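Working notes for the structure below.
Protein chains: 2
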Amino acid sequence: MRATILAIGDEIVHGLTTDTNSGFVAARLREAGVEVVGGFGVTDDVDRIVRALERALADAELVVATGGLGPTSDDLTTAAVARLTDRPLALDAASLGAIEERFRAIGREMSPNNRKQAEFPAGSTVLANPVGTAPGFVTPVERDGQTRHVVCMPGVPHEMRRMLDEQLLPWLRAQAGARRFATRVFSTFGLGEAQLDELLAGAFESDVRVAFRAAFPKVQARLSVSGEDAAALESRLDTLEAVLRERLGDHVYAAGDEDLAETVGRLLHARRLTLAVAESCTGGLIGDRITDVPGSSEYFLLGVVAYSNDAKQALLDVPDAVLAEHGAVSIETAEAMAEGVRRRAGTALGVATTGIAGPEGGTDEKPVGTVCIALAWDGGRWSRRYQLGARDRSWVKRMTAQIALDRVRRYVLSDVHPDEESNDG
Amino acid sequence: MRATILAIGDEIVHGLTTDTNSGFVAARLREAGVEVVGGFGVTDDVDRIVRALERALADAELVVATGGLGPTSDDLTTAAVARLTDRPLALDAASLGAIEERFRAIGREMSPNNRKQAEFPAGSTVLANPVGTAPGFVTPVERDGQTRHVVCMPGVPHEMRRMLDEQLLPWLRAQAGARRFATRVFSTFGLGEAQLDELLAGAFESDVRVAFRAAFPKVQARLSVSGEDAAALESRLDTLEAVLRERLGDHVYAAGDEDLAETVGRLLHARRLTLAVAESCTGGLIGDRITDVPGSSEYFLLGVVAYSNDAKQALLDVPDAVLAEHGAVSIETAEAMAEGVRRRAGTALGVATTGIAGPEGGTDEKPVGTVCIALAWDGGRWSRRYQLGARDRSWVKRMTAQIALDRVRRYVLSDVHPDEESNDG
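Right, dumping it as structure tokens:
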């Protein structure tokens, strides 16, 4: 079964409210095996709603509309469906009783306007609203010698969500054939969409849908398959995942849509490692991302944003000689910062960033976008200089933070330093 | 002129990503005097995109599409517009050069797949992308004896927004003829949209368009007027701005869409004051925001993210007795942190945050959302405890950082401490 989704309301089309309903409905329908082929936003105008319904029905056997079921004069969805299907409006006594009861319960009198919320195109199936006044409904429509359906639900998200889960989905399952969709998402870092696409070329059968989404600084890869048996779909996704992981290697840092700071947190927690961060060019961004993760206080003990040389010396014990000889943006300074913050905090790991985020401060030798990242642990260190290019300041900060977090991830995952890990664990 | 908006991408139609682009485009187009009559969401499928474009063109003279301009095989927008308009694809050498240059700058090789991002339906006007690889374009289409236009922009929100503001809106104005729109935006903090609306009730003539947009944690107020003479519009906006500022007082922190950290930076720079930050619950977010501002190294010397009590003692000199008696989340600890970081860094001002961002860690006395903020300067301090409520962790962090920055702004603006300012200046 194919479905098209309609979001009805001036506030949505005019950009005053973000339409979260359509996405929610789409995701739920897909889980139920319905193919969602498109969506429309339409203003509070009967002619336009009728036209949008016509178009939606041309594409799909099921049209799900949200919004426009309120009591006021700009709520026109029911009228539009009645006109589209050429069915008169009929009062549903049970719905009217429920609406009156809601008002009674909160000690208010029902306005005459609310009466229209109990009227539906004749022949509709009513979807009760346990948490609001506006019931929804399903109206059959004949098209192309086939019975198609228009579903209308209220636009208030929490009312719509309950109605969808408790009434529409059971109704659909009763109608539907057995076909369902299953999707798996992977978060990656280090390669662009085009490179991922090339690495996966020819990896999958033609019915496997592969999609990429860049959400800087990460890129998501998504695999979708369809079939009739839920367990078989999951087991097929397991096989596809193995192929994807083999092709993309450790560029995949997580299954699912996960921030790299979460992945790093999980790994540190699992190995009982602690972390301190010394930031110069990233200015606090790494600490901010790490502390966005609930429970991060367990493994994140200290961050120092040492923007000035004085601060690098006084709080991170970077030797004067290192700063004088190599400058603040150097792998030597980065290493001293990482080791300094690790000692001060008494953590297993220290990570440091120093660089030129721009737009000022670049030189011929160290242009804007020059960044040094270092990692220090008990008995060892790692460092590297990067040329990220003269991008905007925020881009340089975000990319540097991501590389630094990825380096922590790769360190914790690697088997190169088993001694340090077990000593610290 | 009427416009229809298209959001292209499986992830949007299937509900995996919320479409914020369409609303943003709609709001901006309306400010520019364009009537937005509807929107479509469409999957990554050439036939469906062509059909959606056909329908969109039937309703409106202008169709604005976002998404599907990436380098991979599921990016099909350009191909769909070429088929719709029956125009061959033509390589734009300037765009190809710009894409190659972007890759060169970050030291990566351009994938052959990216080449298609420099191809456009012949006769299109290219919209350059200063912050990403995918340029946009405007393609003319003949319909009903009239030249209509399809505009395609990338789906990455920050790329799309810059392209819209810097290139599409000027293009539209050039099309629109003599009548022009002038808009002025104000950034505010401390009141909600409804409160701002009330304070401005009756303030302006009926032709003045007043709109609010919550972009947490700030709220923007936007005044728009239209007329034929640019100079007269600007002078009218000056008058309107004076009225708005009188009504909203120091809740307006900047004219324009400015981050509060930029405002604070401007003020510190102008008074030659320096700042250090001690963060506990904000985890580095304040430092991150301050250092997003170019030139911030001039006034921002040090940040310490003291997540553990040990770090508060060792790096910020918070006395054991204060922590033992009042706890880590207290105005006493916040004051000691602010004073400690100020002394360590030798700055004019120190600001500190400590609180319970949740979801764990709350108690009856100090529930999740309890936050203490302090400011310290030579010879004085200010502190306050806030109950922000048990919102999600990221919300508590962002609100706390905003209040702390706003407190710095108010301190620097006030005339209460002229001695400290001139001493430090």
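Chains A and B, in that order, give the protein sequences.
Residue 147 in my numbering sits at position 147 of the first sequence, with consecutive numbering throughout.
Positions in the second sequence are counted from 1; adding 1000 to them yields my numbering.
Don't be surprised by glycine CBs; every beta carbon is placed ideally from N, CA and C.
Since we're looking at a predicted model, the values are computed, not measured.
Listed along the chain, the chain A residues whose CB falls inside 7 angstroms of the CB of Val1034 of chain B amount to none; the nearest CB is some 11 angstroms away. In this structure, Gln117 of chain A lies near Leu69 of chain A, with their beta-carbon atoms less than 8 angstroms apart. Assignment of Ala1098 of chain B by DSSP, reduced to helix, strand and coil, places it in the helix class.
In this model, Thr183 of chain A and Leu223 of chain A are separated by some 6 angstroms (Cα to Cα). If you draw a straight line from the Cα of Glu166 of chain A to the Cα of Leu172 of chain A, it comes to about 11 angstroms. Any Cβ of chain A closer than 8 angstroms to the Cβ of Asp1292 of chain B would place that residue at the interface, and such an atom is present. Secondary structure at Leu1267 of chain B: helix, using DSSP grouped into helix, strand and coil. Taking Gly256 of chain A as the centre and dropping the five residues before and after it, the same chain places the C-beta of Val185, Phe186 and Ser187 closer than 8 angstroms to its C-beta, in chain order.
Cα atoms of Arg1384 of chain B and Met337 of chain A: separation of roughly 34 angstroms, rounded to the nearest angstrom. Inclusion of Leu1199 of chain B and Arg1247 of chain B in the CB contact set at 8 angstroms is warranted, their separation being smaller than that value. Between Val1322 of chain B and Glu1332 of chain B, the C-beta spacing is below 8 angstroms.
From the listed residues B:Lys1397, B:Arg1102 and B:His1014, the smallest Cα separation to Asp292 of chain A is found for B:Lys1397. In chain order, Thr274, Leu275, Ala276 and Leu301 place their CB closer than 6 angstroms to the CB of Thr347 of chain A, counting only its own chain and leaving out the 5 sequence neighbours on each side. Short of 6 angstroms from the beta carbon of Ala1376 of chain B, and not among the five residues preceding or following it, lie these beta carbons of its own chain, in chain order: Ala1338, Glu1339, Arg1342 and Gly1350. With a cutoff of 8 angstroms on beta-carbon distance, Leu84 of chain A and Leu53 of chain A are scored as near each other. In the DSSP assignment, Met1160 of chain B falls within the unbroken alpha helix (DSSP H) covering Pro1157 to Met1163. Restricting attention to A:Leu233, A:Pro217, A:Glu279 and A:Ile12, the CA atom closest to the CA of Val305 of chain A is found in A:Glu279. Leaving aside the five residues that flank Gly1132 of chain B on each side, the residues in its chain whose CB is nearer than 7 angstroms to its CB run, in chain order, Pro1154, Val1156 and Glu1159.
Contact check for Ala65 of chain A against Thr77 of chain A passes: the beta carbons are separated by less than 8 angstroms. Against chain B, a Cβ distance below 8 angstroms from Ala52 of chain A picks out Gly1038. The DSSP assignment places complete beta strand (DSSP E) segments of no fewer than 3 residues inside the stretch 1317-1385 of chain B at 1349-1355 and 1370-1377, in order along the chain. Apart from the 5 residues on each side of it in sequence, Gly1038 of chain B sits with its Cβ closer than 7 angstroms to the Cβ of Thr1004 and Asp1059 in its chain, given in chain order. At a Cβ-Cβ threshold of 8 angstroms, Asn1021 of chain B and Ala1007 of chain B count as neighbours.
For Ala255 of chain A, no Cβ of chain B is located within less than 8 angstroms of the residue's own Cβ.
Ala324 of chain A places its beta carbon 8 angstroms or farther from that of Ala1311 of chain B. Within the DSSP bridge table, the entry for Met153 of chain A names A:Thr66 as partners.
Residues of the stretch 1179-1202 of chain B with a C-beta atom less than 7 angstroms from some C-beta of chain A do not occur.
Ile403 of chain A carries a helical assignment under DSSP once its states are collapsed to helix, strand and coil.
Chain A has a Cβ within less than 8 angstroms of the Cβ of His1014 of chain B. Taking 4 residues as the minimum length, the alpha helix (DSSP H) runs contained wholly in the stretch 1007-1086 of chain B are 1010-1013, 1021-1031, 1046-1059 and 1077-1085, in order along the chain. If you draw a straight line from the Cα of Ile286 of chain A to the Cα of Gly1284 of chain B, it is about 7 angstroms long.
In the DSSP assignment, Glu246 of chain A falls within the unbroken alpha helix (DSSP H) covering Ala230 to Leu248. For chain B, the residues of the stretch 347-362 of chain A that bring a beta carbon within less than 9 angstroms of one of its beta carbons are Ala357, Gly358, Pro359, Glu360 and Gly361, in chain order. When DSSP reads this structure, Glu1142 of chain B sits in a beta bridge with B:Thr1147. Not a single C-beta of chain A is nearer than 8 angstroms to the C-beta of Gly1327 of chain B. Taking C-alpha positions only, Leu1168 of chain B is separated from Phe1024 of chain B by approximately 13 angstroms.
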